[in-house]
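Novice: The structure's right below; bear with me while I get my questions together.
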Amino acid sequence: MPLSSYFLQQLNAAGLEAYAKRLSFLDDAAFLSMLMSDYATYGVTEVEDKQRLFRLLRGLNEEMKSKPRAPVGKGPAVAVRPAEDLLDLDAHDGDLLAHACGPAMQLSPIEKGNDKPRGAAAAVPPPFSSGPASNEEDPPKIRVVVRKRPMNKKEKERGEDDIVDVHMARASIIVNETKVKVDLTKYSEKHQFNFDEALDESVSNEEVYACSVKPLVHTLFHNGKASCFAYGQTGSGKTFTMRPLPVRAAADIFKYLTRSEYRDISLYVSCFEIYGNKLFDLLNERKKLTILEDAKKRVVVVGLKEFPVDSVDLLKQLIEESGNKRSTGSTAANADSSRSHSIMQFALKAGGPEGRLVGKISFIDLAGSERGADTFDNNRQTRLEGAEINKSLLALKECIRALDSDARHVPFRGSKLTAVLRDSFIGDQARTVMIANISPNMASVEHTLNTLRYADRVKELRKDKNERAPGGVTPGEDPHYYAAAQRGAEERDKSPVKDAKPRLRPPEKIKADQMAAATPDSYDDDDDVVDIGHDDEIMSEHNRMLDTILVEEELLITAHRVHIEETMELVRSEMNLLAEVDQPGSAIDQYVERLDGILTQKLKGVEALKAKLDRFKEHLKQEEIITATLNPVAKPGGRR
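The opening position of the sequence shown corresponds to residue 677 in this note's numbering, with each subsequent residue numbered one higher.
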């Protein structure tokens, strides 16, 4: 049945007469239950028109609620969405907000091809206060959303161009990369990517939540384990995107908890960071944590403090406290970059803090991803942080791959990050949402493309293996190298002395290669494009060295602890020996022999520790040499 004349009149009165023809094919129920994600399907793409249509639908739903009858006498009474389930536009400072995501936004790209026309027979969901619909569609195991941030003030002052085009209706991203030919003429190369959702700079945080996290909330009450993480270059808006999501999710969870069948369930919140290879509780004075496996192979974060939360205001205080204690640092890309992975976990438990776990969701704000070049002009600690961050990002991607392909084994032991998120990756109820954040300016084009390729490879796993696009994926690094580096690290754990020293070419050889890379022979003859990239072989040497340093750092610290324990034991033996020699009739020969043995043992321990320290110092010097060689190559990166 076509749209009633009453609703058509309301469209004209709201200044939306241009869309009346397309919307007239909907029946009244489908029109009243339209989602903001459906607007583009009927040609409503302008922000102002979206706001007008949103306000109109909100008003009509309010009207239908107070007068439950068919307008203008056409057809039966229309069941409508109540006001509680609609977002108040005016209450959010004029942000462009979204309705809750419908089934069409929960399908993967492959499944979208079989999706029925929206509104054809769409049943209006029941009131939210009565709980989720029994036939609520389950979200896919993995969902990839890309969000573009707006140009900031500094980028506008520098006169930079916006090179990223977002087509929300088609869920596609186009990056217009400027390149230079040999004759110095510029041209634009287009890179297109398709995802589950593509969000431009006009989209509010509420709409991001609606199309990413909100579909996961109902799964938490059915033994669901979900994870949502933001990935992207530092300064691309990850923390800005992630910070409001837990608050909105908690608000929806509290609505569920008002139901009688859920009243014995409580929400418990914890937050910790993974800095390098260590865990710290951000809500308990940065207390150091450890992870262990229990008898049921479940990973337990020992010492993590959970707080019962019964209001959104209390949650906001916890988020503010954890944010203030998170580790940050300076890189070439951002003066205040997050150098740790921050993880906030919501645990729904029945029967108190030690009760049965009903469901859990983790919000992960990943550390800023950079190419190795972005940390060359910083201290060694920042470079080591970058290497550890990239390794953990690779391990996370491998777990997501295994999750989406229903693999029998999920490699969660690849890093501390994936180890603590193990239960979010396994089981039929495991769900993951990836929000990739990108910057729009030309200076960040390499980061943007790396982020999109990372996200695209995660999304592309749904395809057949032979159809996947070739090429590197991990931000600024080669994933094949990282897999080999990880295997090498495991081997070095077993035999640290044999494999500790990596292959390293003399600085003179590296400089010769560096000069060769700058010659005209390095131009791409096929498309006349200047190749100003880094020397891959030198980069591989540097990455191998960083990997070796990270492994040896742990070995050295462990050896130092063992040495202290052994030394304390020897000191106790010396004290007992002195007490014995003071006794009448003690044998001086026995005293001398035992003291000699103790001193010899102490000397061996010191020499062994000193050898490890000297080897570690030598590798630090070699890393400085390679960094000094790479630095002239890395600094010119940026606009081309």
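Cβ atoms here follow ideal geometry from the backbone N, Cα and C, with glycine treated the same way.
In whole angstroms, what separates the C-alpha of residue 690 from that of residue 728?
Specialist: So the alpha carbons of these two residues sit roughly 7 Å apart.
Novice: What did DSSP end up calling residue 1104 once you bin it into helix, strand or coil?
Specialist: In the structure shown, residue 1104 sits in coil (DSSP, three-state: anything other than H, G, I, E or B).
Novice: DSSP state of residue 737, grouped into three classes?
Specialist: In this structure, residue 737 counts as helix in the three-state DSSP scheme.
Novice: Between the Cα of residue 996 and those of 1037, 923, 964 and 1135, spot the shortest distance and give me the residue it belongs to.
Specialist: For the residues 1037, 923, 964 and 1135, the minimum Cα distance to residue 996 belongs to 923.
Novice: Quick one: residues in its chain with C-beta nearer than 6 Å to the C-beta of residue 1109, no 5 flanking neighbours on either side, listed in chain order?
Specialist: Excluding sequence neighbours, residue 1109 sits near 819, 888 and 904.
Novice: What do you get for residue 1255, buried or exposed, if any count of 16 or more other CB atoms within 10 angstroms of its CB means buried?
Specialist: Per the 10 Å Cβ criterion, exposed.
Novice: Name the residue from 983, 1000 and 1099 whose alpha carbon lies nearest to the alpha carbon of residue 1028.
Specialist: Closest by alpha carbon: 983.
Novice: Since residue 907 and residue 1124 are thought to touch, with beta carbons under 8 Å apart, how far apart are those beta carbons, to the nearest angstrom?
Specialist: Contact doesn't hold; Cβ gap of about 12 Å is too wide.
Novice: Enumerated in chain order, which unbroken segments of the beta strand (DSSP E) with a length of 3 residues or greater are wholly contained in the segment 864-937?
Specialist: 873-875 and 901-908, all fully within the segment 864-937.
Novice: Write down the C-beta distance between residue 1035 and residue 899 rounded to the nearest angstrom, noting that I regard them as a contact closer than 8 Å.
Specialist: Right, the Cβ-Cβ distance comes to about 6 Å (below 8 Å), so this counts as a contact.
Novice: Can you tell me the Cα-Cα spacing of residue 920 and residue 964, whole angstroms?
Specialist: Near 26 Å, if we compare the C-alpha coordinates of residue 964 and residue 920.
Novice: Determine the closest residue to residue 678 out of 700, 693 and 695, with distance taken between C-alpha atoms.
Specialist: Comparing Cα-Cα distances from residue 678 to each of 700, 693 and 695, the minimum goes to 700.
Novice: Between which two residues does the alpha helix (DSSP H) carrying residue 688 extend?
Specialist: Element bounds for residue 688: 681-689.
Novice: Considering only DSSP beta bridges, list what residue 852 is partnered with.
Specialist: In DSSP, residue 852 forms a bridge with 866.
Novice: What separation, rounded to the nearest whole angstrom, lies between the Cα atoms of residue 991 and residue 1020?
Specialist: C-alpha separation (whole angstroms): 11 Å.
Novice: Between the alpha carbons of residue 1113 and residue 1240, how many angstroms are there, rounded?
Specialist: Roughly 46 Å separates the two Cα atoms.
Novice: Here's the rule I'm using: 16 or more other beta-carbon atoms within 10 Å means buried, otherwise exposed. How should residue 687 be labelled?
Specialist: Counting Cβ neighbours within 10 Å, residue 687 comes out buried, since at least 16 surround it.
Novice: Roughly how many angstroms separate the alpha carbons of residue 682 and residue 723, rounded to a whole number?
Specialist: Cα-Cα distance, rounded: 25 Å.
Novice: From residue 1235 to residue 959, what does the alpha carbon distance come to, in whole angstroms?
Specialist: Each residue's alpha carbon lies about 31 Å from the other.
Novice: Just to check my reading of the structure: residue 1225 and residue 1295 have Cβ atoms closer than 8 Å, yes? What is that Cβ distance to the nearest angstrom?
Specialist: That pair is a contact at about 6 Å.
Novice: What residue does the alpha helix (DSSP H) around residue 1026 start on, and which one ends it?
Specialist: Element bounds for residue 1026: not the alpha helix (DSSP H) but the beta strand (DSSP E), 1017-1026.
Novice: Count the other CB atoms within 10 Å of the CB of residue 1130; is the residue buried (16 or more) or exposed (fewer)?
Specialist: So residue 1130 counts as buried.
Novice: Got a sec, what are the start and stop residues for the alpha helix (DSSP H) residue 995 sits in?
Specialist: First-last of the alpha helix (DSSP H) with residue 995: 988-1000.
Novice: Do you know offhand how far residue 929's Cα is from residue 988's?
Specialist: Their backbone Cα atoms lie some 10 Å apart in a straight line.
Novice: Assign residue 843 to one of three DSSP states: helix, strand, or coil.
Specialist: Of the three classes helix, strand and coil, the one that applies to residue 843 here is strand, per DSSP.
Novice: Is the beta carbon of residue 1284 within less than 6 Å of some heavy atom of the ligand FAD?
Specialist: Judged by which ligands are present, the structure shown has none, so any question about the ligand FAD falls away.
Novice: Name the residue from 1078, 1093 and 1092 whose alpha carbon lies nearest to the alpha carbon of residue 1086.
Specialist: That would be 1078, whose Cα lies nearest to the Cα of residue 1086.
Novice: Exposed or buried, which one is residue 932 when buried takes at least 16 other CB atoms within 10 Å?
Specialist: Buried, because 16 or more other Cβ atoms sit within 10 Å of the Cβ of residue 932.
Novice: Following the continuous alpha helix (DSSP H) through residue 1084, name the residue where it begins and the one where it ends.
Specialist: Per DSSP, residue 1084 belongs to no alpha helix (DSSP H) and is neither H nor E.
Novice: Suppose you measure from the CA of residue 1040 to the CA of residue 970; what does that come to, to the nearest Å?
Specialist: When rounded, the distance between both Cα atoms is 24 Å.
Novice: Along the chain, which unbroken stretches of the alpha helix (DSSP H) at least 4 residues long are found entirely within the segment 1257-1308?
Specialist: You should have found no qualifying run.
Novice: Span of the beta strand (DSSP E) holding residue 698?
Specialist: Residue 698 -> not in any beta strand (DSSP E); alpha helix (DSSP H) instead, spanning 696-699.
Novice: Would you decide whether residue 890 is buried or exposed? Buried here means 16 or more other CB atoms lie within 10 Å of its CB.
Specialist: Residue 890 is buried by the Cβ-count criterion.
Novice: So, helix, strand or coil for residue 1043, using DSSP?
Specialist: Note: residue 1043 maps to coil in three-state DSSP.
Novice: Just confirm the distance between the C-beta atoms of residue 943 and residue 994, as a whole number of angstroms; I'd bet it's less than 8 Å.
Specialist: Incorrect: roughly 11 Å between the Cβ atoms, too far for contact.
Novice: Do you know how far the Cα of residue 843 is from the Cα of residue 876?
Specialist: Going by the C-alpha atoms only, they are around 8 Å apart.
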